[in-house]
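A.B. asks: Protein chains in written order, with our numbering: chain V, 3 to 110; chain A, 3 to 110.
Number of protein chains: 2
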Amino acid sequence: MEDYVEGAKIFKTLGDPKRVMIVDMLSCGELCACMILDKFEMSQSTLSYHMNLLCKCGLVKARNKGKWTYYSQNAEVVKEIEQLLHNITSDTEDCICKGNNIDTCDAI
Amino acid sequence: MEDYVEGAKIFKTLGDPKRVMIVDMLSCGELCACMILDKFEMSQSTLSYHMNLLCKCGLVKARNKGKWTYYSQNAEVVKEIEQLLHNITSDTEDCICKGNNIDTCDAI
DNA sequence: ACATTATATCGAAATTTTTGAATGCGAGGT
DNA sequence: ACCTCGCATTCAAAAATTTCGATATAATGT
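1) Exposed or buried, which one is V/Thr-91 when buried takes at least 16 other CB atoms within 10 Å?
2) For A/Val-62, which residues does DSSP report across the bridge?
3) Return the chain-ordered list of same chain residues with a C-beta closer than 8 Å to the C-beta of A/Leu-49, the five sequence neighbours on each side being excluded.
4) Who are the Cβ neighbours of V/Thr-15 in its own chain at under 7 Å, not counting the five residues just before and after it?
5) Which residue from A/Lys-63, A/Met-23, A/Leu-33, A/Tyr-51 puts its Cα closest to that of V/Ile-89?
6) Helix, strand or coil for V/Cys-36? Go by DSSP, reduced to three states.
7) Taking A/Val-7 as the query, report the chain V residues whose CB atoms sit under 7 Å from its CB, ordered along the chain.
8) Given this structure, state the Cα-to-Cα distance separating A/Ala-10 from V/Ile-12, to the nearest angstrom.
9) Is the separation between the beta-carbon of A/Leu-86 and that of A/Asp-5 shorter than 8 Å?
10) Does the CB of V/Thr-48 have a neighbour CB from chain A at under 8 Å?
11) In or out: A/Val-7 buried (at least 16 other Cβ within 10 Å) or exposed?
12) Contact defined as beta carbons within less than 8 Å: I believe A/Tyr-51 pairs with A/Ala-64. What is the distance between those atoms, to the nearest angstrom?
13) Which residue comes first and which comes last in the alpha helix (DSSP H) that contains A/Asp-18?
14) For a contact defined as C-beta to C-beta under 9 Å, what are the partners of A/Gln-85 on chain V?
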């Protein structure tokens, strides 16, 4: 149950095209906020808001160095969300229908 | 660019624990709405709303049979979203940073 | 010390999402 | 014809999200 909540939080954060693009940009490696800001038409405070969401859900890490904040993907969480997406879209052992997490399942 | 928008729509739809659970339930196969409703504490209209969202983003298909509506995962879209998630989280050729979709990328 | 630069935070407005009650509607059963 | 069942749609209210301007903070350069 908690898995679903945590996962949904990450999916929700990815539920915005700009944030998806930001994550994609970070797949090449670390970037500071100003680099990311250059690529978008949004205010600095708005970007900061989006980066905060990405960090809060765990998908992105922030590293401070002097005036700059460098952002990068959190490999562990990336693995976890890929795993969850795979779990919920394939007939695995720990599926809800197998009786886990939910009482019964009178499937057809 | 359109890929990000379409993908974000799917992620956004998965941005709710109940909808994640519903998708998981469907990984075992087709289920009618009433079966799904049994597992949750929500009104029938609310479930209908959620199922509509899942269908609109393409992740779920609906099939009508008599009084019932059977829902199932859309395998193609599932594949697409898994692919997208993988693309944005790994250093692939078509990454934004490689110059695609966005003008330049003066990474560090 | 002062100005500048990079980023975070606050506040407020606009928009979107979520929910259930009420209602509509088509399919079967009697 | 009428009733019931499964589901969709409409409506309105509540809650959450998104955005930017203004302001704060902290580091760095002169």
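Glycine included, each C-beta is placed from N, C-alpha and C at the ideal position.
Because the structure is a prediction, the values reported are computed rather than measured.
C.D. replies: Reading it off the structure:
1) buried
2) A/Gln-75
3) Here the set comprises Ala-35, Ile-38, Leu-39, Phe-42.
4) Arg-21, Leu-55, Leu-56, Cys-59, Leu-61
5) Just to set this straight, residue 89 of chain V is Asn in the shown sequence, not Ile. For the residues A/Lys-63, A/Met-23, A/Leu-33, A/Tyr-51, the minimum Cα distance to V/Asn-89 belongs to A/Met-23.
6) helix
7) Pro-19
8) 12 Å
9) Yes, the Cβ-Cβ distance between A/Leu-86 and A/Asp-5 is below 8 Å.
10) no
11) exposed
12) That belief does not hold up - the Cβ atoms of A/Tyr-51 and A/Ala-64 are roughly 14 Å apart, past 8 Å.
13) From DSSP, A/Asp-18 is part of no alpha helix (DSSP H); its letter is neither H nor E.
14) Residues of chain V passing the Cβ test: none, with the nearest at roughly 11 Å.
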